[in-house]
Amino acid sequence: MKKMTLIAALAATTVLAGSLPAMAEYPDAPVQFIVPWPPGDFEDILTRMIAAKMEEMHGISATVVNKPGGGDGPFPGALEVLDGPIDGSVVGSFILDVPLIGPLIDIGMEEDSFEPVGIFLTYPFVLASSGDTPYKSMAELAAYAQDNDVILGHFGEGLTPTTATFAAAKMMGFEYADDAAFDLLDCNTLAAGDADVINTTLALIEPCLGELNVLANIGNAPIERLSGVETLAAQSGIADIELWNGLFVKAGTPQDVIDVLAEVAEAAMATEEAQTLMAETGARVYWQDAEISAARITVDRATSKKMNALLGE
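Convert by adding 163 to the 1-based position in the sequence shown; the result is the number in the numbering used here.
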């Protein structure tokens, strides 16, 4: 009798298990990559390569959606990812300021709101002015700004390159007369006179690079193609910090989803297309996994706090 009961129970379990839907492997539906900036910069170009590689490797639709935030920088776009599901259907392509600054500005974002999938880009980020300005280095800008108004264009108040630019000015004993945030900082920004100095990436000023004065680059080392241009840290004495971009998912996303995204992104960064972009532009293209990325975020948080302390923030 006991044996019959056991057999019946096993049979019922088998029937029940057979009636449950099988867990689908990720990705089994379209994937959106949210880039919180207009199209055209390095993070947009490389994220599109990742989306294309996702389609190639997994046969599903993968698209890049640009969500520029105006003067609010990358945060409106990041909040869209935070409001999304944890199934990997919405993935963020974020600069370092999302995990570094987002938790500090009371927008509903915590330090653990996102999990890094990996970091894949270090920007060739620079301070530049029109070629007819009488300053070609930070020291010359500092001297000029003592008796002349200089307007700074940046991507948003509180963002790391903006903070680094203000911290450098303070260390060098000058101030910008005014500043303004832009979605896009390119050749037109300077040509129109909207700003005298801009902090931006080489991708956005590539068409007119030969007509500009590049005063400094923001990073740990000079950019090879910019002969004679020193880092902002070397010229001013502020702490070194690199400006990077990576893939992020909402906290709680399953590990198998993160693993697939990492595999796809790493493959995309190894393509000839991505490596050619690096060789031709000065952008650094690579893949750092979630563990290395998390450690990097911790170090950069400490550096960011030092710069904010210098500015009294």
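Note that CB positions come from ideal geometry on N, CA and C, so glycine has one too.
Using only the heavy atoms of the ligand FAD, determine whether one of them is closer than 7 Å to the beta carbon of residue i.
i: Ala457; result: Of the ligands one can find in the structure shown there are none, so the ligand FAD has no counterpart to examine.
Just to confirm my understanding: we take residue i, look at its own chain, exclude 5 residues before and 5 after, and list those with CB closer than 6 Å. What are they?
i: Pro184; result: Annotation note: pLDDT 42 at Pro184 (below 50); position unreliable, no value reported.
i: Leu408; result: Note on identity: in this sequence residue 408 is Asn, with Leu being the wrong assignment. Once the five neighbours on either side are set aside, the close Cβ partners of Asn408 are Glu206, Ile258, Leu284.
i: Glu274; result: Pro266
i: Ala379; result: Leu290, Met301, Leu395, Gln398
i: Val253; result: Gln195, Val244, Gly247
i: Thr326; result: Met470
i: Tyr339; result: Val313, Leu315
i: Gly400; result: Met334
If you drop the 5 nearest sequence neighbours on each side, which residues of the same chain put their C-beta closer than 7 Å to that of residue i?
i: Arg388; result: Gly445
i: Gln309; result: Phe337
i: Gly251; result: Tyr189, Pro190, Val194, Val412, Thr416, Val420, Leu424
i: Gly234; result: Gly319, Ala344
Taking the beta strand (DSSP E) that residue i belongs to, which residues open and close that run?
i: Gln418; result: No beta strand (DSSP E) holds Gln418; the alpha helix (DSSP H) holding it covers 418-432.
i: Asn362; result: 360-364
i: Ile258; result: 253-258
Beta-carbon within less than 8 Å of residue i's beta-carbon, same chain only, minus the 5 sequence neighbours each way: which residues are those?
i: Asp403; result: Gly382, Asn383, Thr394, Ala396, Thr466
Mapping the DSSP letters down to three states, classify residue i as helix, strand or coil.
i: Gln451; result: strand
i: Gly319; result: coil
i: Gly336; result: coil
i: Asp346; result: coil
i: Asn280; result: Correcting the residue identity first, residue 280 is Val in this sequence and not Asn. If DSSP states are grouped into helix, strand and coil, Val280 belongs with the strands.
i: Ile460; result: helix
i: Thr226; result: strand
i: Gly382; result: coil
i: Thr285; result: strand
i: Ile477; result: Because the chain in this structure spans residues 164 to 476, residue 477 falls outside the shown range and cannot be described.
i: Ile197; result: strand
i: Ala185; result: Reliability of the predicted coordinates at Ala185 is poor, the pLDDT of 46 falling under 50, and no value is obtained from them.
i: Ala331; result: helix
i: Gly409; result: strand
i: Ser390; result: coil
i: Leu263; result: helix
i: Asn311; result: coil
i: Asp235; result: helix
When the Cα of residue i is compared with those of the options, which residue comes out closest?
i: Leu410; options: Ala332, Tyr449, Leu365, Ala379; result: Tyr449
i: Leu440; options: Ile197, Asp359, Asp204; result: Asp204
i: Pro287; options: Ala366, Thr434, Val198, Pro193; result: Ala366
i: Cys350; options: Ile361, Pro279, Asp312; result: Ile361
i: Ala343; options: Thr326, Ile314, Cys371; result: Ile314
i: Gly271; options: Ile249, Ser292, Phe238, Ile282; result: Phe238
i: Leu209; options: Gln438, Ile386, Asp463; result: Gln438
i: Leu424; options: Ala241, Trp200, Glu219, Pro202; result: Glu219
i: Ile455; options: Met335, Pro279, Ala430, Leu263; result: Pro279
i: Ile249; options: Lys230, Val261, Ser256, Phe277; result: Phe277
i: Ala472; options: Gly321, Ala305, Gly233, Asn229; result: Gly321
i: Asp485; options: Thr323, Arg464, Met432; result: Since the displayed the chain opens at 164 and closes at 476, residue 485 lies outside it and no answer follows.
i: Glu476; options: Ile268, Arg447, Ala306, Glu443; result: Ile268
i: Asp422; options: Met217, Gly222, Met212; result: Met217
Provide the residue span of the alpha helix (DSSP H) that contains residue i, from first to last.
i: Pro239; result: 238-245
i: Ser399; result: 395-399
i: Leu209; result: 205-221
i: Ala302; result: 301-308
i: Leu440; result: 435-444
**Message:** Tell me whether the region 323-338 and the region 413-422 touch, counting them as touching only if at least three CB pairs, one residue from each stretch, are closer than 8 Å.
**Reply:** Counting C-beta pairs closer than 8 Å gives fewer than three between the region 323-338 and the region 413-422, which falls short of the contact rule.
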